[in-house]
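So the sequence shown is numbered by the numbering used here: it starts at 21 and just counts up by one.
Data block below; observations after.
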Amino acid sequence: MCGIVGYIGFRQGDQVVISSLKRLEYRGYDSWGYAVANGKEIEIKKKVGSISAVEVKEKRAEGVTVSIGHTRWATHGKPSDINAHPHTDCDEEIAVVHNGIITNFSSLKNELISEGHIFRSETDTEVIPHLIERCYKDSKSFEEAVIKAIKFLKGSYAFVALKKDEKKLIACKYKSPLILGVGDGELIFASDVPAILEYTNRVIYLNDGDIVIAEPGKYRIINERGEVVRDIELIHWSIEDAEKSGYEHFMLKEINENPRVIEDTLGEYVTDKIELDPSFAAGISEIVIVACGTSYHAGLIGKYVIEKLAGIPVRVEYASEYNYHQIIPGRSLILGITQSGETADTLEALRAAKRMGLRTCSIVNVVGSTATKISDHVLFTRAGPEISVAATKSFIAQLIVLYIIAIKLSPLTRQEKKELIEELKSLPEKVQRILDKQHDIDEIAKKLSNFENIMYIGRGLGFPTALEGALKMKEISYIHAEGYPAGELKHGPFALLGENTPVVAVINRDETYEIMLNNIKEVKARESLVIAVSDDKDEEVDNFVDFAIKTPETLPILSPILHSVAFQLLAYFTARIRGCEIDKPRNLAKSVTVE
Ligand code: G6P
21 MCGIVGYIGF RQGDQVVISS LKRLEYRGYD SWGYAVANGK EIEIKKKVGS
71 ISAVEVKEKR AEGVTVSIGH TRWATHGKPS DINAHPHTDC DEEIAVVHNG
121 IITNFSSLKN ELISEGHIFR SETDTEVIPH LIERCYKDSK SFEEAVIKAI
171 KFLKGSYAFV ALKKDEKKLI ACKYKSPLIL GVGDGELIFA SDVPAILEYT
221 NRVIYLNDGD IVIAEPGKYR IINERGEVVR DIELIHWSIE DAEKSGYEHF
271 MLKEINENPR VIEDTLGEYV TDKIELDPSF AAGISEIVIV ACGTSYHAGL
321 IGKYVIEKLA GIPVRVEYAS EYNYHQIIPG RSLILGITQS GETADTLEAL
371 RAAKRMGLRT CSIVNVVGST ATKISDHVLF TRAGPEISVA ATKSFIAQLI
421 VLYIIAIKLS PLTRQEKKEL IEELKSLPEK VQRILDKQHD IDEIAKKLSN
471 FENIMYIGRG LGFPTALEGA LKMKEISYIH AEGYPAGELK HGPFALLGEN
521 TPVVAVINRD ETYEIMLNNI KEVKARESLV IAVSDDKDEE VDNFVDFAIK
571 TPETLPILSP ILHSVAFQLL AYFTARIRGC EIDKPRNLAK SVTVE
């Protein structure tokens, strides 16, 4: 999704925004651009393609510089130099970078065209500078014009605007992420923390409706009620946390962080007891999980676990579909799961639930993100910054929180709970054993990398594990991979089996074990190559499959954690063999901030 940056300070602005935009590349984009207000005019550069090799070598005159920058992920209008941001008004006196969607842009554009405004791009964003231009005529200042202009906008926006002859940036936030980094004598706006860390670790998470007027060394925040004060929070991540630390890809680095992530997330909730106030779920009749992508799969695993341990019914909904259901007021707890805390569909589902008076709780990785502000309760995962578009360590951290919820809400005895917690605590070491043998998984990846279709199957907890395994595979290796409940194979997918379609089977040593082996026999009879993921004490499975990925033995209910780490590596190595752009797969974005 688009990334925006705005800088006002003593450094050379174009260099700052380019370097900050590079730290937002993980969000996914197809074009980039920046603008510098040099006092006389606005200099703009924008282009389709990657910003990674872009550098500004020429030195500018010293003094305060005012710049904005953008990485665009196309929504309205194809990726092109013209559609790339910044966009300007007719006279190129005002420039804007924007993340979000202006839903009423088409009627605004027609209105502005009829008044004589000339548009250059197909984007929704371009109406913003034109509206500011229109409002400027009857305003006393640039900021007054921006405030008047946003009254016309519907939809979502985080934008930063500059004017050719003003030492000022004006930023507005509504339903799209925007933070302000507060340095010594410099201010930097950005969509996310990695973009500001080089300059400051002091950050303000802006609220919807906030308008910031940033001038050299000072800023004011106003909203419809007047001037407001927002807390400055300290970020404890270092730039290195957000960088690759010698790994070939962020994804591999992040998979290798899984043991630390499990430890930190457990450490957040488990001391000598579970540190989770059960009041967030007091008196509820059911839990409805809303989430997208990998977070949705964490929710599906959470359903099995919470229902089994706590006996509370759980529904899991794609957040993007939740709004189309009849939301029934009652005693449901709506549990949003989102790594970024900014996924538009998940936020909309949480807001819709709230409007119906339902209690909301979110499992979130990014502190200060929108989900943390709109939910009644927040449970943090401690995965740290996740840069690779494909979620890995954040998924494992989400599972840990879901297990904690299930154990906390369950009627198990103290001793039974203790045993589960002890086993959870042993997982970092068990995950490390999988990581230490990643070479074996690389060997299996070599077998899979030549296929164009892979079927992942499982039963019970193995089914959502299979879904997530297939999602990882398809998003980064571009192999078509599908997750299926093993019992459903006969109802259609069997027609696809054969020597061109390998099957990856999740084997759990629980009540699904025998029947899974039967299903594998049926698959083998159709000549598909079969790869199993199973635990290292299970020797029987070797008689049924072509290859097996062995993970350390654990309680069957916890097996999705270990199996998923193995699947993350399997997808990673397969994509690497195929030469894919692993951290930034084509057409995908890390943070999907539009519905
Ligand atoms: C995008 C990302 C996925 C992620 C999903 C939900 O599609 O590429 O990795 O699972 O969004 O994101 P969230 O931040 O809400 O967990």
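Glycine included, C-beta positions come from ideal geometry on N, C-alpha and C.
Note that the coordinates shown come from a computational prediction; the quantities given were computed from them, not determined experimentally.
- By the neighbour-count definition (other C-beta atoms within 10 Å, threshold 16), Tyr344 is an exposed residue.
- Residue pairing from DSSP places Asp555 in a beta bridge opposite Thr571.
- Of Asp530, Glu341, Glu274 and Ser127, the smallest CA-CA separation from Asp558 is found for Asp530.
- Assignment of Ile167 by DSSP, reduced to helix, strand and coil, places it in the helix class.
- Cβ-Cβ distances below 7 Å link Ile294 to Ile424, Ile427 and Lys428 in the same chain, with the five nearest sequence neighbours on each side left out; the list follows chain order.
- Taking the Cα positions, Ala486 is about 15 Å away from Tyr533.
- For Pro149, the enclosing alpha helix (DSSP H) stretches over residues Val147 to Tyr156.
- The closest heavy atom of ligand 1 lies less than 7 Å from the beta carbon of Ala411.
- In the displayed model, Asn119 falls within a strand according to three-state DSSP.
- Your pair Thr380 and Leu370 checks out as a contact, with CB atoms roughly 5 Å apart and the cut at 8 Å.
- Taking non-hydrogen atoms of ligand 1 into account, the C-beta of Gln458 is found less than 7 Å away from none of them.
- At a threshold of 7 Å, Lys494 does not count as near ligand 1, since its beta carbon sits no closer than that to any of the ligand's heavy atoms.
- Distance from the C-beta of Lys466 to the nearest heavy atom of ligand 1 is not below 7 Å.
- Taking a contact to require three or more Cβ pairs closer than 8 Å, the stretch 314-321 and the stretch 482-499 qualify as touching.
- For Phe483, the enclosing alpha helix (DSSP H) stretches over residues Gly482 to Ser497.
- Taking all protein chains in view, the Cβ of Ile138 is surrounded by fewer than 16 other Cβ atoms within 10 Å, so the residue is classified as exposed.
- Under DSSP, Tyr27 takes part in a beta bridge, and its partners are Ser87 and Ile208.
- Shortest gap from the CB of Thr314 to any heavy atom of ligand 1: under 7 Å.
- Apart from the 5 residues on each side of it in sequence, Leu353 sits with its Cβ closer than 8 Å to the Cβ of Phe300, Ala301, Ile304, Glu306, Ile307, Val308, Leu378, Arg379, Thr380 and Cys381 in its chain, given in chain order.
- Of the residues assessed, Asp456 falls on the exposed side of the cut-off, its CB having fewer than 16 other CB atoms within 10 angstroms.
- Cβ-Cβ distances below 7 Å link Asp284 to Arg402 in the same chain, with the five nearest sequence neighbours on each side left out; the list follows chain order.
- Between the stretch 54-71 and the stretch 239-251, the count of C-beta pairs closer than 8 Å stays below three; the two stretches do not touch.
- According to the DSSP assignment, Phe400 belongs to no alpha helix (DSSP H) but to the beta strand (DSSP E) extending over His397 to Phe400.
- A direct Cα-to-Cα measurement between Val117 and Lys98 gives close to 17 Å.
- The Cβ atoms of Ile122 and Tyr194 do not sit closer than 8 Å to each other.
- Rounded to whole angstroms, Glu443 and Glu78 show a C-alpha spacing of 58 Å.
- When beta bridges are read from the DSSP output, Asn243 appears opposite Gly246.
- Cβ atoms of Lys65 and Ser51 stay farther apart than 8 Å, at about 11 Å.
- In the three-state reduction of the DSSP assignment, Leu320 falls in the helix class.
- Val585 is positioned such that its CB atom lies closer than 8 Å to that of Ile275.
- For His105, there is no enclosing alpha helix (DSSP H), as DSSP gives it neither H nor E.
- In the structure shown, the three-state DSSP call for Thr366 is helix.
- The C-alpha of Leu367 is placed about 30 Å away from the C-alpha of His269.
- Annotation for Ala311: the continuous beta strand (DSSP E) segment containing it runs Glu306 to Ala311.
- When the beta-carbon positions are compared, Ala391 and Ile496 stay at least 8 Å from each other.
- Its chain contains Tyr27 as the residues whose beta carbon lies nearer than 6 Å to that of Val36, once the 5 sequence neighbours on both sides are disregarded; these appear in chain order.
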